[in-house]
Structures are given as C-alpha cells and as structure tokens.
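**Student:** Protein chains in written order, with this note's numbering: chain S, 28 to 184; chain F, 6 to 552. Once you've had a glance at the structure underneath, I'll fire off some questions.
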C-alpha cells in the first residue's frame, strides 16, 4: 500500500509549515497529522515523512519512539486509554482495567482480534476531579464504574 | 576579560569559555563522558558537575560558560566566577553519578575489549563507590549488529550519545539514534539501515565505554599488551596521524587508531585506513633477493643481488635507464633513489609512478578522505624534481628507447594493463624493488624485497605539504629490508657517500630541497611542519624553550 497524504491532509501540512521557522520544527504536529490520517505511524509512514519533510528517517524514528502518544503499531477502531495514576487508582481504576481485560480478552497494548478495541494504561489524563477516567479515542468518560463502561462499550459500533 | 578562580587558581579567560575548558587550561581534569571537543554539548551524563559559588546547585562544567559580572557583583571584589571541582559536595555527586551509570552495567570487564582503556573503569576507580546498592534484576538490552564494522553491546552503554552526535555532525549520515526514552532508551538505527559510512569506526574510538566495539578488534589480545607506535597512515594523501598497536613476538599489527592532529585529521580517520594493514597481510610478500639465471629467479644474498644490479645497469647509457620513484616510498627513499642514480649512473631525469589508485575525494562535513590512495605523492615530486610518468617510460620501452628500468615500489594498488606488461618484456634489464609478487617481479632480472609502509622509518609529505614522521611498527619479513637501507647499500657499492640513517638523509634534504629548509626530525615533532615553514617552526620552538 502506498502511503501518501490525502490532498486535504497535504493542505493541513502546508498550513502547519507556515507556523514554524524550519521544517524540522514542524515534525511533531506533522506526526500528529499523520497519525490522524493513517491511524498509526508505520515504518512506511516514517519513510514518507522523511521524504516529504527532508528529515533523515532515523531522526523521525528517534522522535516517534521518544513520545508515547505516537502509536507504532495499529490500534483498534476504538482506542481505550485507562488512567492509572494516583487519583484514578484510589477511585478504582484497577477494577476498571481488570473489568476491561476480562470483557475484551486482551491485555494492555493489545488489540481485539476483530480490530474493534485496543487497550492501554496511561498516566494522568488530567481529570482527577472526576476520577476514574477512561478515554476512548478523543472523548473522556468520567466517574467510571464497570456497569457504566459496559453500557458505553455496548453502544459503540 | 573575566577572571575565574578554579580550585584556588586564578585564570583570565575569554567571555563565553566553559568552566570545563578553563579548568583544562589550568591543568585541572574534570571527569566527563558525554562531552567531546568535536561534538555539540549536551550535558547529559552529569559526570562533570562542579560547585560554583553563589549557585544554588551543582552545575555541569561542560555547558556552563564564564561571563563578565558588573563590578558590584564580583566575588571577593574581583572574580567573575569561583569554582570548586574537588569539593566534598562534588565528590559525593560524582560518586552518585557513577553508581547511577553502573546500575545496569554488566561489569563484564574480563571479557570486554575496552578494558584497560575504559572511562567507566578509570572513573570507577577514581570517583566511584566500589560497590553497588542496586539488588534488582539488571536491564539486559540485546546486542545489535550496527554495521559492517561496528557492533553494539547495549548492556554496557551509558547513553552519552557521542556516537549519535558523530553521525549527525561529523558525517551527517544520521544512522544512529536514541530509541525510546528513560529506562528503555537505547542506541539504535532505523530498521533496515546500517552504520556503514566510510568513517563508521570512529564511533568505537569516541565511545567512552565498551558498548561500541570494532568487529576487527573484538576478542583480540588486551590493549596493554601492544607496542604502540606513532606514525602516519598510508591510505591516502591526507596523512592521518595514527597509532599502530602491534606485538613484537609475532610481528603482527593488531589495531590502528587515529591520533589527534588539529591540522590534519583532528580526532578521526577512515575505516579503509584503519583496516589497511589487512591488505598488506594478504599480499604475497617478497622475502628474499632474487637474480634471474637461465630464465628462472634464483634466491641470492644481498651482496650478490646488489652487485648484479650495478653490473647490469652499467651496460646502459643514462638515457636508456628509467628510474621509477613512488609516492608510496618515503621522502628519504626517493631522495636516495635520486642521489644513487644521478651520482652513480648519471641519470638526469627521473620517473614517477602514475599507475596509482585514484578516486573522488569523499567529503563529509567534518572530514575529507582524499582520493589519491597513496601517502607521499607530494613528497616524491619534491624529491625527484621534474619527472616523467611511468606510463610514458613504458611507452618508450615499447619503442626500445628505454632499455633498463629500476622500479622502486611499495604500492599495493599497482595494476598494469596487458599492453604495459608486454612492454615490460622488451626491457632488457628490469630491477624491481618492491614488497609483493606482481607482473613486474615475474619479468624482473633482479628482485629486491623491500618494506611496507608499516615497516619503515622516514617522512611523508601530505597533500597540504605537511612533512610528518613515519616510524616502523613491525619488521619486514625474512630477508626483506627497509628500502632506505637497500638504496643506501647500493650507493655504497658505487663508492658514493651515503647517509647512514633516514635522519641523516633528511638533514641533507633540508639542505637541498626547496621548502624543506631548516627542518629536522626533532622539529617535525608530533604534528609535523608545513613545507616552507621550517624557519617559522624553528623560531616558535626556540621561543617555547625560552618560555
């Protein structure tokens, strides 16, 4: 499969470039854009960006591997992030996580065989006041309990 | 200029000088890992922490610069900075850093090639604790085959990133990166890429620990067992300063490393030069003088062989003899060649071997590998004066104008075309003074076994015109002798006055050859002297002595 930005993404990339003094400075926002576009940052994506941005591919891997929010393997259609830092831990994030592993049959860092769900444990999501918090794709689900979570997951298609 | 006090010693430095550099000027050594004078400063190893008066915490000396303070803020009324490098607080920090760096270190010194020249070992001994309080399982990252010449033993790595910066700044080839971060960080490359640039083995030198290992040197005997010789690389006309590590008992070279010379190679050398000694090991070396009798080369002793040369060449007029000098021979050898044949046989015009390997210069941002793959073409030209080419001499031989050739060799890259080899057949008397069997020796009347570049004493003149000392690291095989001695004894046989040693010959060169005036071996020292600057260098040396 040939990896290439769509015309729309290419336009967004050009807009990003406008905001930085040099191409290399635009690497992080471009990587976010690429993750949105391709779902995850594969080797091919890194090679494509290397050619597009004229940055050595090794430097791109260096950056991608440094930041945990860039996915270097494919995630499910719904990417579930369970906060496991202090406030959420005190309010029961471990039960949430264990409930999810048994319900979905996967461990952190894995994807369900049908490709629908992927699960990770993350550090503080910055919503301690409504702990425990689960983030599914871009949305927060706050004050979680196993029952509420079941309902949400059932509604997801 | 700012005035700084380091460990009680005063020093005036230019504003912007780092504490590390200032301390170095005072002869104070600050331990460090990530700092390297050729590379950008990252201050990540934290080994060079020092105490600065008025600063709330210890600062890395490699990245903290000294600036001018307004008069009212000066320490003790005059100092712009007061630094302590051996304070108890600093010592405690160094001890902690050493413990941190060694947390996951396998301490496999008994099987590590770096042992004996390892900064972890040395600093552990000088600044470390002597034991570790870490009793968890150690992290064991996989070792990686980074490229054709370099292996990464990742367990030993302390992530100073010198190698990464080298591939970014000096070669700009960008092969190496730090992958992941924190506890998981390790040196890596992109899947499918490898560290295979022409300068790759320099990362082994700059690695302060035993993580990056030269595949050529791995599991060879310990570095302290070698005899180390400072000399010049013969790989190209750049003339990198090198250290040859050899063992006397088996007369073998085990490793070649670059030595610092600010004007020539800085800290670096290319992989080809570093591994050049293998090329000489592979050659079928000439071991005995030989004389052709009944169409067969028969072993002879040196007296017989030299006598045969003299008798053979005497039958020809000077115009019929082509004397071939070589950019693989030292200045002294080329000089003696000219002396013997101009004074002994009346030869006027000399020939310079042009059958040499030549390619494009390999240019990196921090280093250029020269394209002429021989060390002393410049010097050979200087010594021989105006020359014709070897190709030209062979053409003349074809036509019968050249009837005798004295060939001074040493170049392992020599290749002749079939046409040139057939021209050799027409030469009535061919003397080959070389190091290996070749189409030339097959057709020679007399073969004189000489010495390789690692076996001779003298000087090379690099492409800049810098005259540098070459020293023997090993002995020539069996009856072979340094070319200098062969030419000297040939001259003696002709009743010429010959300088006994290369040193003496160089004194004669200084007296006769333009650009070499005022030079002698002690003056060349470690870094060499540029042609035409002998006088200047002598003056500078005298000034230094009086100071």
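In this text, a Cβ means the ideal position worked out from N, Cα and C, and glycines have one as well. What you are looking at is a predicted structure, and each value in this text was computed from that prediction instead of being measured.
Over what stretch of residues does the alpha helix (DSSP H) that includes residue 336(F) continue unbroken?
**Tutor:** Translated into positions along the second chain, residue 336(F) becomes position 331. Unbroken alpha helix (DSSP H) run through residue 336(F): 336-350.
**Student:** From the DSSP output, which residues share a beta bridge with residue 327(F)?
**Tutor:** As a working note, residue 327(F) is residue 322 in the second chain. Bridge partners of residue 327(F): 410(F).
**Student:** Considering only their Cβ atoms, is the gap separating residue 387(F) from residue 520(F) smaller than 9 Å?
**Tutor:** Along the second chain, read from residue 1 onward, the residue named residue 520(F) stands at position 515. Along the second chain, read from residue 1 onward, the residue named residue 387(F) stands at position 382. Yes, Cβ-Cβ distance for residue 520(F) and residue 387(F) is below 9 Å.
**Student:** Step through the CB atoms of chain F and report whether any lies within less than 9 Å of the CB of residue 171(S).
**Tutor:** Taking the first chain and counting its residues from 1, the one referred to as residue 171(S) is at position 144. No, because no Cβ of chain F sits closer than 9 Å to the Cβ of residue 171(S).
**Student:** By Cβ distance below 8 Å, which residues in the same chain neighbour residue 175(F) in space, the five residues on each side in sequence not counted?
**Tutor:** For the purposes of this step, residue 175(F) is taken as residue 170 along the second chain, with counting starting at 1. Excluding residues within five positions, the ones whose Cβ falls inside 8 Å are 43, 44, 204, 207, 273, 369, 370, 371, 372.
**Student:** Does the Cβ of residue 282(F) lie closer than 8 Å to at least one heavy atom of the ligand SAH?
**Tutor:** As for the ligand SAH, it is missing from this structure, which has no ligand bound.
**Student:** Is the Cβ of residue 84(S) closer than 9 Å to any Cβ of chain F?
**Tutor:** Looking up residue 84(S) in the first chain gives position 57. Judged by the 9 Å Cβ criterion, residue 84(S) is in contact with chain F.
**Student:** Express the C-alpha separation of residue 185(F) and residue 84(S) in angstroms, rounding to a whole number.
**Tutor:** Mapped onto the first chain, residue 84(S) falls at position 57. Mapped onto the second chain, residue 185(F) falls at position 180. Their backbone Cα atoms lie some 15 Å apart in a straight line.
**Student:** Which residues in chain S sit within 8 Å of residue 198(F), going by Cβ to Cβ distance?
**Tutor:** Locating residue 198(F) in the second chain gives position 193, where the first residue counts as 1. Chain S residues near residue 198(F): 84, 85.
**Student:** Once DSSP output is grouped into helix, strand and coil, what is the label at residue 74(F)?
**Tutor:** Position 69 of the second chain, counting from 1, holds the residue named residue 74(F). Residue state, collapsed to three classes: coil.
**Student:** Cα-Cα, which of 431(F), 338(F), 425(F), 415(F) is closest to residue 389(F)?
**Tutor:** In the second chain, residue 389(F) corresponds to position 384, counting from 1. Comparing Cα-Cα distances from residue 389(F) to each of 431(F), 338(F), 425(F), 415(F), the minimum goes to 338(F).
**Student:** Would you call the CB atoms of residue 241(F) and residue 378(F) closer than 9 Å?
**Tutor:** Here residue 241(F) is taken as the residue at index 236 of the second chain, counted from 1. Here residue 378(F) is taken as the residue at index 373 of the second chain, counted from 1. Closer than 9 Å, so yes.
**Student:** What number of angstroms, rounded off, separates the C-alpha of residue 53(F) from the C-alpha of residue 125(F)?
**Tutor:** Within the second chain, the letter at position 48 stands for residue 53(F). Within the second chain, the letter at position 120 stands for residue 125(F). The alpha-carbon atoms of residue 53(F) and residue 125(F) are separated by roughly 14 Å.
**Student:** The region 92-126 of chain S: which residues have C-beta closer than 9 Å to a C-beta of chain F, in chain order?
**Tutor:** Taking 9 Å as the Cβ-Cβ cut-off against chain F, the residues of the region 92-126 of chain S that qualify are 92, 93, 94, 95.
**Student:** Short check: CB of residue 345(F) to CB of residue 453(F), under 9 Å?
**Tutor:** Reading the second chain from its first residue, position 340 is the one you call residue 345(F). Reading the second chain from its first residue, position 448 is the one you call residue 453(F). Taking 9 Å as the Cβ cut-off, residue 345(F) and residue 453(F) do not qualify as a contacting pair.
**Student:** Near residue 429(F), which residues of its chain fall below 6 Å by C-beta distance, leaving aside the five closest residues on each side in sequence?
**Tutor:** Sequence index remark: in the second chain, residue 429(F) carries index 424 (1-based). Once the five neighbours on either side are set aside, the close Cβ partners of residue 429(F) are 448.
**Student:** Helix, strand or coil, according to DSSP, for residue 123(S) in the structure here?
**Tutor:** Counting from 1 along the first chain, the entry for residue 123(S) is found at position 96. Residue state, collapsed to three classes: helix.
**Student:** If you measure between the beta carbons of residue 154(F) and residue 200(F), is that distance less than 9 Å?
**Tutor:** Position 149 of the second chain holds residue 154(F). Position 195 of the second chain holds residue 200(F). Yes.
**Student:** If we cut at 9 Å on Cβ distances, does residue 89(S) have a partner in chain F?
**Tutor:** In the first chain, the residue the question calls residue 89(S) occupies position 62. So yes, residue 89(S) belongs to the interface.
**Student:** In the DSSP assignment, the alpha helix (DSSP H) including residue 169(F) goes from what residue to what residue?
**Tutor:** Within the second chain, residue 169(F) is the residue found at index 164, counting from 1. From DSSP, the alpha helix (DSSP H) with residue 169(F) extends over 167-170.
**Student:** Which stretch, first to last residue, makes up the alpha helix (DSSP H) that contains residue 311(F)?
**Tutor:** Position 306 of the second chain holds residue 311(F). Where residue 311(F) is concerned, the enclosing alpha helix (DSSP H) stretches over 307-319.
**Student:** Taking a contact to mean a Cβ-Cβ separation below 9 Å, would you say residue 113(F) touches residue 148(F) in this structure?
**Tutor:** Indexing the second chain from 1 puts residue 113(F) at position 108. Indexing the second chain from 1 puts residue 148(F) at position 143. Result no, Cβ atoms of residue 113(F) and residue 148(F) do not sit closer than 9 Å.
**Student:** Classify residue 283(F) as buried or exposed, calling it buried when 16 or more other Cβ atoms lie within 10 Å of its own Cβ.
**Tutor:** Working through the second chain from its first residue, we reach residue 283(F) at position 278. Exposed, by the Cβ-count rule.
**Student:** So, at 6 Å on beta carbons, what are the nonlocal neighbours of residue 482(F) in its own chain, with the 5 sequence-adjacent residues on each side left out?
**Tutor:** By 1-based counting over the second chain, the position of residue 482(F) is 477. For residue 482(F), where only same-chain residues beyond five positions count, the Cβ hits under 6 Å are 290, 292.
**Student:** If you reduce the DSSP assignment to three classes, tell me which class residue 110(F) lands in.
**Tutor:** Working through the second chain from its first residue, we reach residue 110(F) at position 105. If DSSP states are grouped into helix, strand and coil, residue 110(F) belongs with coil.
**Student:** Residues bridged to residue 145(S) by DSSP?
**Tutor:** For the purposes of this step, residue 145(S) is identified with residue 118 of the first chain, where counting begins at 1. In the DSSP output, where bridge partners are listed per residue, residue 145(S) has 106(S), 138(S).
**Student:** Report the three-state DSSP secondary structure of residue 377(F) (helix, strand or coil).
**Tutor:** As a working mapping, residue 377(F) is identified with position 372 in the second chain. If DSSP states are grouped into helix, strand and coil, residue 377(F) belongs with the strands.
**Student:** Within this structure, are the beta carbons of residue 414(F) and residue 438(F) separated by less than 9 Å?
**Tutor:** Here residue 414(F) corresponds to residue number 409 of the second chain, with the count starting at 1. Here residue 438(F) corresponds to residue number 433 of the second chain, with the count starting at 1. Yes, they are a contact pair.
**Student:** Which runs of the beta strand (DSSP E) spanning at least 3 residues fall entirely within the region 229-261 of chain F, listed in chain order?
**Tutor:** You should have 232-237, 246-252.
**Student:** How do the region 136-152 of chain F and the region 17-29 of chain F stand: do at least 3 beta-carbon pairs fall below 8 Å, yes or no?
**Tutor:** With the cut-off at 8 Å, the region 136-152 of chain F and the region 17-29 of chain F do not touch.
**Student:** Under 7 Å Cβ-Cβ, which residues of chain S neighbour residue 183(F)?
**Tutor:** One-based indexing of the second chain puts residue 183(F) at position 178. Correct list: 89.
**Student:** What do you reckon, are the CB atoms on residue 516(F) and residue 522(F) nearer than 9 Å?
**Tutor:** Here the question's residue 516(F) lines up with position 511 in the second chain. Here the question's residue 522(F) lines up with position 517 in the second chain. Yes, they are a contact pair.
**Student:** Please give me, in chain order, every unbroken run of the beta strand (DSSP E) with length at least 3 that falls completely inside the region 400-465 of chain F.
**Tutor:** Segments of the beta strand (DSSP E) lying fully in the region 400-465 of chain F: 409-413, 434-439, 451-454.
**Student:** Within 10 angstroms of its Cβ, does residue 171(S) collect 16 or more other Cβ (buried), or is it exposed?
**Tutor:** The residue you call residue 171(S) lines up with position 144 of the first chain. Residue 171(S) should be labelled buried.
**Student:** At what residues does the beta strand (DSSP E) containing residue 542(F) begin and finish?
**Tutor:** Along the second chain, read from residue 1 onward, the residue named residue 542(F) stands at position 537. Note, residue 542(F): premise wrong, no beta strand (DSSP E); alpha helix (DSSP H) at 539-551.
**Student:** Suppose contacts are defined by Cβ-Cβ distances below 9 Å. Is residue 385(F) in contact with residue 330(F) by that definition?
**Tutor:** Here the question's residue 385(F) lines up with position 380 in the second chain. Here the question's residue 330(F) lines up with position 325 in the second chain. Going by C-beta atoms, residue 385(F) is nearer than 9 Å to residue 330(F).
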